[in-house]
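From first to last, the protein sequence lines stand for chains U and W. The opening residue of the first sequence carries number 1103 in the numbering used here; numbering runs sequentially from there. The opening residue of the second sequence carries number 1114 in the numbering used here; numbering runs sequentially from there. The C-beta atom is built at its ideal place from N, Cα and C for all residues, glycine as well. Structure record follows, encoded as structure tokens.
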Amino acid sequence: MNLTRRSAAQLLAGSAVTGLALAACSDGSNNETAAPVSSADAEKALNTETQLTYWTWVPDIDKEVALFQEKYPKIKVKVENVGQGLAHYQKVRTALKSKEGAPDVVQIEYQYIPSFTVTDSLLDLAPLGATDLAGDYVGWVWEQVSHDDAVWAIPQDTGPMGNLYRSDILERAGITTPPETWDDYATAAATVRSATGSYISNFPTNDPAQIVGLLWQAGVKPFGYDGGQGVTIAVNSPDAKKVLAYWQDLIQRDLVSVDADFNDAFYQGLNSGKYAGWLTAAWAPVFLQGTVEKTKGLWRAAPLPQWSAGQNASGNWGGSSNAVLATTGNRIAAYELAKWINNDDASTLMLAQEQSLFPASTAVLEDTTFTGQAVDFFGGQQVNKLFSDISNTVDTDFQWLPFTDYAYSQFNDIVGKAIGAKGDLSVALDSWQAALEKYAKDQGFSLNG
Amino acid sequence: MSTSSARIRTGAAHPTPRAPVRRRRLSAAERRRATAAYLFLAPFFIVFLVMLVVPLGYSGYLSLFETKLVGGTAFTGLENYLTAVTDPTFLAGVGRMGLFLVVQVPVMLGLALFLALALDSGRARGGGVLRLVYFVPYAVPGVVATMMWGYLYGRDFGPIAQLFDAFGASPPDFLAPGTVLGSMMNIVTWEYVGYNMVIMYAALRTVPGELMEAAAIDGAGAFRQAWSIKIPAIRPAIVLTVIFSIIGTFQLFNEPSLLQALAPSAISNGFTPNFYAYNLAFVNQDVNYAAAVAFLLGLVIAAISYIVQLRVNRAGAAS
């Protein structure tokens, strides 16, 4: 008995040491990759037989990959879709933890990048030459993938926010031009509700990404991460409370609905005219064409209402990038693939036109074959042109926490619940702040003022 | 423990002279048969070991550590367990499932028993078809069933809501914070009544016919027969369904995880303990704490199952 107890303790102690040793190893894994790579090195790597794995949920991205392989036939790329959203990240993290089966190149949304850099899971692409690409992307997008001198990913698509609305419903309520300020929007909301019974839009209980996008537009900086151990959490700042107080008022007057989004009831609501509009992102025009086809021609797009007249600001909702995992054995080839897909002219235009990803690349945003497209679903409006212009009005200085998954799940449990119950959103923001602060401390972060 | 088992072993190895136990040697054929038996059993033990014992041991091991996003891994002993027993989210989840157990399981098993007795009485025509009809919901995968019910419950466009609308009544909200647990009970009942009924019905078929004949001659009616003979006779089968239901209840996962998309403000990430453990591991990235919660949940299930079994057996012995 004694013997077994002792050996069990030894076993545990031993494994604890192993655990620490492993943790120590992973801390230093980036060091060896710091040496700069010359173009000769790159040339050589691209002409060596290599097998790459690429995890992405973008449909038919094989087409862009095929273009890459045409150019570099020695590189074989295996494209795998392991799921979308949380399922995708769970698998990436599990693969990283098991130290086996992790891909070389991986799709990551901007808000999740810090949650991978904090664990040293991403390869710094700056020594590979990624710094030179800065000028090829919209300013705020580049800020999303780089930090100090490091570049963590190559931008693929974005979601600058605008106001999509049903012109027929608004016209029935006597509104012919989209509201320019949030005050106008609140007035319009009351008119639409009383004249048509529709809600001017839905304020979802389960979509922190949309609401954070609206905070972004208002210049609120709820999150911050210094790249080391320090995080900034200010979700209950006076500015944030001001924005949510605006929505609280609309919720309490029953001028916006508070439904969960992206489920059948929500799509039905868009289809049936329950919602007369949707404050959404640049990817939504294509999304709507797929989900609510029968309302074709009735929709219009406009910039978001502004906090003060004449201002011109927007936020971002969604979009993603391609990063290279630090565990890759083929860092040059992997980087070249990520770069090529999101930087080559043919490939980026194809992403915009065939996969309908809203571009992060300035070349495509300025390309008239993209912006000049008249979209029937929007009554012939040049929606891409509108969103290209909006893209330049997104605040560049917006950061995320290294634990967005947790922050968002807590948002749903705390703030989302209060939205659904038409409760006090200011109190909810305080509880969200407290939950995030506690988690940050438990996880070993320090809080920056 | 080790000394007593050692004594037993010595006792067997050194038989007293008065009662000599001759060690029978196995013949070659017998030995071959024994090897064959072990070979047949081996796949089970391999799977049991690899799929159950090893993961269980590993998660038990994980639960003794703490891994921080900043600062790495440290051995913390039972700290995760101490946190869990005072974690309001975990306790609320366990409490919620306790309520589920007390309300839903008796309803479901009562219904299943009633249906099984009705079928067994042979009074219903087309018993075979009925049996199948009751059993069909169980054949529908839980995920599909939940999605189907989620549609039926729909607030604006669900068929039930539309029915109410058609009569000008305001439809009930099945997915509100106060009602969603009841809606889940309904889904689970729908899914498992047939399954439990089949177990009870199969047990009923083994009750000897002579017993029923004798009871009938003594003047016992159908209800008396069911109450005094059939139900006591199938007590082990009923206990089995009770234990299965306890385990199933505490492991509830599909229903909250799928209905959350429809009713995010009614179903939190800690709605059921199992769902909580999943979210701890994959959303909060706290695998160690998730392992502790899962282990503790296993203990709760084992304890409740054991208490129930013990009480039922005692009651059985007393009657």
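- With C-beta atoms as the reference, is W:P1386 less than 8 Å away from W:V1406? As a first step, residue 1386 of chain W must be located in the second sequence, where it is residue number 273. As a first step, residue 1406 of chain W must be located in the second sequence, where it is residue number 293. The Cβ atoms of W:P1386 and W:V1406 lie closer than 8 Å to each other.
- Task: Mind listing the chain U neighbours of W:V1163? Cutoff is C-beta to C-beta under 8 Å, in chain order.
- Result: Along the second sequence, one-based indexing puts residue 1163 of chain W at 50. Here the premise fails: no neighbours, minimum Cβ distance about 16 Å.
- Item | chain U contact for W:V1183 (CB, 8 Å cutoff) | Locating residue 1183 of chain W in the second sequence gives position 70, counting from the first residue. Answer yes: the Cβ-Cβ gap between W:V1183 and chain U drops below 8 Å somewhere.
- Task: May I ask which residues mark the beginning and end of the alpha helix (DSSP H) holding W:T1180?
- Result: Position 67 of the second sequence, counting from 1, holds the residue named residue 1180 of chain W. Where W:T1180 is concerned, there is no enclosing alpha helix (DSSP H), although the beta strand (DSSP E) it sits in stretches over F1178 to K1181.
- Message: Checking 8 Å against the spacing of the C-beta atoms, do U:R1195 and U:T1397 come in under that value?
- Response: Mapped onto the first sequence, residue 1195 of chain U falls at position 93. Mapped onto the first sequence, residue 1397 of chain U falls at position 295. No, these two residues do not count as a Cβ contact at 8 Å.
- Item | Local Cβ density within 10 Å of U:F1479, reported as buried at 16 or more and exposed below that | Mapped onto the first sequence, residue 1479 of chain U falls at position 377. Classification for U:F1479: buried.
- Residue burial classification, W:R1427 (beta-carbon count within 10 angstroms, cutoff 16): Residue numbering aside, residue 1427 of chain W sits at position 314 when the second sequence is read from its first letter. With fewer than 16 Cβ atoms within 10 Å of its Cβ, W:R1427 is classed as exposed.
- Is DSSP giving W:Q1422 helix, strand or coil here? Start at 1 with the first residue of the second sequence, and residue 1422 of chain W comes out as number 309. In the structure shown, W:Q1422 sits in a helix (DSSP, three-state: H, G or I).
- Query: Mind checking whether U:T1298 and U:G1276 have CB atoms under 8 Å apart?
  - Reply: Working through the first sequence from its first residue, we reach residue 1298 of chain U at position 196. Working through the first sequence from its first residue, we reach residue 1276 of chain U at position 174. In this structure, U:G1276 does not lie closer than 8 Å to U:T1298 by Cβ.
- Residues that U:H1249 bridges to, as DSSP identifies them: Counted from its first residue, the first sequence places residue 1249 of chain U at position 147. Per DSSP, U:A1252.
- Message: I'd like the list of long-range same chain contacts for U:D1309, defined as Cβ closer than 6 Å, with 5 residues on each side in sequence excluded.
- Response: By one-based count along the first sequence, residue 1309 of chain U stands at place 207. Result list for U:D1309: D1363, in chain order.
- Message: I'd like the span of the alpha helix (DSSP H) that includes U:S1490, first residue to last.
- Response: Position 388 of the first sequence, counted from the first residue, corresponds to residue 1490 of chain U. Looking at the DSSP string, the run of the alpha helix (DSSP H) that includes U:S1490 is V1485 to S1493.
- Message: Among the candidates U:Y1156, U:D1351, U:L1225 and U:I1177, whose CA atom is the shortest distance from the CA of U:L1148?
- Response: Locating residue 1148 of chain U in the first sequence gives position 46, where the first residue counts as 1. Nearest option by C-alpha distance: U:I1177.
- Message: Just to make sure I have the definition right: I need the residues of chain U whose C-beta is within less than 8 Å of the C-beta of W:D1200. Which are they?
- Response: Numbered from 1 along the second sequence, position 87 holds the residue referred to as residue 1200 of chain W. Going along chain U, no residue has its Cβ under 8 Å from W:D1200, so there is no contact; the nearest lies around 12 Å.
- Message: Quick check on DSSP: helix, strand or coil for U:D1351?
- Response: Start at 1 with the first residue of the first sequence, and residue 1351 of chain U comes out as number 249. DSSP, reduced to helix, strand and coil, places U:D1351 within a helical segment of the structure shown.
- Using a beta-carbon distance below 8 Å, is W:G1267 in contact with chain U? Mapped onto the second sequence, residue 1267 of chain W falls at position 154. Closer than 8 Å to some Cβ of chain U, the Cβ of W:G1267 qualifies, so yes.
- Query: Using a Cβ cut-off of 9 Å, which residues of the segment 1368-1385 of chain W contact any Cβ in chain U, in chain order?
  - Reply: Q1373, A1374, L1375, A1376, P1377, S1378, A1379, S1381, N1382 and G1383
- Between which two residues does the alpha helix (DSSP H) harbouring U:A1542 extend? Your numbering for residue 1542 of chain U matches position 440 in the first sequence. Looking at the DSSP string, the run of the alpha helix (DSSP H) that includes U:A1542 is L1527 to D1544.
- List the residues of chain U that W:V1396 touches, going by C-beta distances under 8 Å, in chain order. Numbered from 1 along the second sequence, position 283 holds the residue referred to as residue 1396 of chain W. Going along chain U in sequence order, the residues near W:V1396 (Cβ under 8 Å) are L1188, D1507, Y1508 and S1511.
- Message: Does U:F1460 pass the burial test, meaning 16 or more other C-beta atoms within 10 Å, or should it be called exposed?
- Response: Counting from one through the first sequence, the residue named residue 1460 of chain U turns up at place 358. With 16 or more Cβ atoms within 10 Å of its Cβ, U:F1460 is classed as buried.
- Anything in chain W within Cβ reach of U:Q1370, meaning under 7 Å, just list it in chain order. Your numbering for residue 1370 of chain U matches position 268 in the first sequence. The answer, in chain order, is D1269 and F1270.
- Message: Using only the alpha-carbon positions, how far apart do U:Q1483 and U:L1400 sit?
- Response: Taking the first sequence and counting its residues from 1, one reaches residue 1483 of chain U at position 381. Taking the first sequence and counting its residues from 1, one reaches residue 1400 of chain U at position 298. Counting only the Cα atoms, U:L1400 lies some 11 Å from U:Q1483.
- Message: Counting only Cβ-Cβ distances shorter than 9 Å, please list the residues of the segment 1371-1384 of chain U near chain W, keeping chain order.
- Response: G1371, S1374 and K1376
- Which listed residue (U:W1159, U:D1285, U:T1471 and U:E1145) has its alpha carbon closest to that of U:A1411: As a working mapping, residue 1411 of chain U is identified with position 309 in the first sequence. Per the Cα distances, U:D1285.
- Message: DSSP three-state label for U:F1325, please.
- Response: As a position in the first sequence, residue 1325 of chain U is number 223, starting the count at 1. Three-state result, U:F1325: strand.
- Is it buried or exposed for W:I1420, if we count other Cβ within 10 angstroms and need 16 for buried? By 1-based counting over the second sequence, the position of residue 1420 of chain W is 307. Label assigned to W:I1420: exposed.
- Item | C-alpha gap between U:N1304 and U:W1502, whole angstroms | Reading the first sequence from its first residue, position 202 is the one you call residue 1304 of chain U. Reading the first sequence from its first residue, position 400 is the one you call residue 1502 of chain U. Approximately 25 Å, taken between the alpha carbons.
- Message: For a contact defined as C-beta to C-beta under 7 Å, what are the partners of U:A1523 on chain W?
- Response: Here the question's residue 1523 of chain U lines up with position 421 in the first sequence. By Cβ distance, chain W contributes S1378.
- Item | Simplified DSSP assignment, three categories, for U:S1359 | Residue mapping note: residue 1359 of chain U aligns to position 257 of the first sequence, counting from 1. Residue state, collapsed to three classes: strand.
- Query: Among U:G1326, U:S1300, U:K1343 and U:P1306, which residue has its Cα nearest to the Cα of U:L1317?
  - Reply: In the first sequence, residue 1317 of chain U corresponds to position 215, counting from 1. Minimum Cα distance to U:L1317 is reached at U:K1343.
- Message: DSSP has U:W1380 in a bridge; who is on the other side?
- Response: Against the first sequence, residue 1380 of chain U aligns to sequence position 278. U:W1380 is bridged to U:L1266.
- Which whole runs of the alpha helix (DSSP H) in the segment 1273-1340 of chain W are 4 residues long or more, in chain order? 1293-1317, 1322-1330 and 1335-1338
- CB contact below 8 Å: U:Q1331 versus chain W: The residue given as residue 1331 of chain U occupies position 229 in the first sequence. Yes, U:Q1331 counts as interfacial toward chain W.
- Message: Quick check on U:P1504 - is its C-beta less than 8 Å from some C-beta in chain W?
- Response: Locating residue 1504 of chain U in the first sequence gives position 402, counting from the first residue. Yes, U:P1504 counts as interfacial toward chain W.
- Item | Cα-Cα separation between W:D1399 and W:N1392, rounded to whole angstroms | Along the second sequence, read from residue 1 onward, the residue named residue 1399 of chain W stands at position 286. Along the second sequence, read from residue 1 onward, the residue named residue 1392 of chain W stands at position 279. About 9 Å.
- Mind checking which residues open and close the alpha helix (DSSP H) that includes U:A1142? As a first step, residue 1142 of chain U is located in the first sequence; it is residue number 40 there, counting from the start. Counting along the chain, the alpha helix (DSSP H) containing U:A1142 begins and ends at S1141 to L1148.
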